[in-house]
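Mapping the sequence shown onto this note's numbering, position 108 (from 1) lands on 231, and the numbers just tick up by one.
C-beta: ideal position from N, C-alpha, C; glycine also.
Since the structure is predicted, the reported quantities are computational estimates derived from the model, not experimental observations.
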Amino acid sequence: MDEPIRSTRVFPAAALPRAIACTLVVLTLASPAVRAGDRVPVQARAGLDLATAAARIWSADAALVYLENDEPLDTHGAAERWGYLFYSPALEKSRGYSVRAGKIVVAEDLPLKLEAPPVQGEWIDSGTAYRLADEGPARRYCFEHDGRLKTMLLMRGAIQEDDPNQTTWMLVYNSPSMPALFVVLAATDGKVLRTWKG
């Protein structure tokens, strides 16, 4: 009986993480599509572990620097899909992952160089951030001007001028009759730090 043919191809150790990452992305994108009726809005943290695991395969020093809803938000601060952006100082590159229904549906490198500081410390989830913003100026804006929550994003350094190292949530509300309302919350406890229209 003939011996089974065995591959003698050897992958260099440095190539393995990239090979695993490519396999992960290909398998994820090739997975069956989730029917619209099966999609359930989730909080921002729901896809964080999966995105972080993929990012660490891409680069061991990858750190979360930004997250944002990739699909419309419901009235509880949940969305069917969230986007997570990671930055690797070693590679000097950024890579984003979009997660829906427990699967990575998009994974891509950013063509521009973005040296954003990593999100730090514990942070409240999007549902809590939404509730705390709604207890303040957002409720009146939505009630009086038919406002709707359009965007929620979490990042550090670019929004809060008084403390550039602070991680914050920013919620953006749109209205057909008024300029957009921006509400910035401390990501640790949800304290309203700043609001403006524009």
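Supposed contact pair residue j and residue i - C-beta distance, whole angstroms, cut 8 Å
i	j	result
Pro260	Val307	At roughly 11 Å, the Cβ-Cβ gap does not stay under 8 Å, so Pro260 and Val307 are not in contact.
Asp193	Ala201	That pair is no contact at about 12 Å.
Met275	Ser249	5 Å
Glu245	Thr198	25 Å between Cβ atoms; not a contact.
Ala177	Tyr220	6 Å
Ser300	His268	5 Å
Val188	Pro234	The pair is not a contact, with the Cβ atoms about 16 Å apart (cut-off 8 Å).
Met293	Val242	Their Cβ separation, rounded to whole angstroms, is 13 Å, which puts Met293 and Val242 out of contact at 8 Å.
Arg295	Lys273	What sits at residue 295 in the sequence shown is Val, not Arg. Indeed they touch by this definition, with Cβ atoms about 5 Å apart.
Leu255	Thr291	Between Thr291 and Leu255 the Cβ distance is about 12 Å, and since that is not below 8 Å, they are no contact.
Simplified DSSP assignment, three categories, for residue i
i	result
Arg254	helix
Ile247	coil
Ala261	helix
Cys145	Low local confidence applies: a pLDDT of 35 at Cys145 is under 50, so the model's placement there is unreliable, and no value is given.
Glu267	helix
Asp312	coil
Where residue i falls, given that 16 or more other Cβ within 10 Å makes a residue buried
i	result
Phe209	buried
Lys314	exposed
Leu304	buried
Leu237	exposed
Asp286	exposed
Segment limits, beta strand (DSSP E) that includes residue i
i	result
Trp205	Arg204 to Ser211
Thr318	Val315 to Lys320
Thr175	Note, Thr175: premise wrong, no beta strand (DSSP E); alpha helix (DSSP H) at Leu171 to Trp181.
Ala186	Ala186 to Asn192
Ala239	It is not in any beta strand (DSSP E) - Ala239 carries neither H nor E in the DSSP assignment.
Met293	Thr290 to Asn297
Ala309	Leu304 to Ala309
Residue(s) in a DSSP beta bridge with residue i
i	result
Tyr232	First, the residue type needs correcting, since residue 232 is Asp and not Tyr in the sequence shown. Arg218, per the DSSP bridge assignment.
Thr274	Val295
Arg279	Thr290
Arg223	Arg204 and Lys226
Extent of the continuous alpha helix (DSSP H) to which residue i belongs
i	result
Arg162	Run containing Arg162: none; DSSP gives neither H nor E here.
Residue-chain proximity (residue i, chain C), Cβ-Cβ < 7 Å
i	result
Arg262	The structure shown has no chain C; it contains just one protein chain.
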